[in-house]
Amino acid sequence: MNRPNQMQPMNKQDLYEWVLSLGLCAYDMLLYLDTHPDDKDALNYFNECNELYQKAKASYEERYGNLRAFTGEPLESWDWNAAPMPWEGGM
Numbered sequence: 000m001n002r003p004n005q006m007q008p009m010n011k012q013d014l015y016e017w018v019l020s021l022g023l024c025a026y027d028m029l030l031y032l033d034t035h036p037d038d039k040d041a042l043n044y045f046n047e048c049n050e051l052y053q054k055a056k057a058s059y060e061e062r063y064g065n066l067r068a069f070t071g072e073p074l075e076s077w078d079w080n081a082a083p084m085p086w087e088g089g090m
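The numbering of the sequence shown is numbering that gives the first Met the number 0, which starts it at 0 and goes up by one.
Below you can see the structure in the form of structure tokens.
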């Protein structure tokens, strides 16, 4: 799976949409693998989508902040959502 416009760096909205697309891809493959657990090609594709998702999500969060409150790390304060969220027009 290749990201759009590989020659140009992604802006906030493009990166957010890329994260969403990769998350959907990985989740869709999980659902497929529930009914086709022996499909090695599907498992490889899931692993590819998941790896790209993790990298894109990390890149987004490094540049623009957390996408979710569930970060896996203790919070210093409850300000993770101080800025407008992407679905609130915070692009």
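Ideal Cβ positions, reconstructed from N, Cα and C, are used throughout, including at glycine.
Rounded straight-line distance, which links the Cα of A25 to that of E61: 21 Å
Distance, Cα to Cα, S58 vs F69? 17 Å
Three-state secondary structure assigned by DSSP to F45: helix
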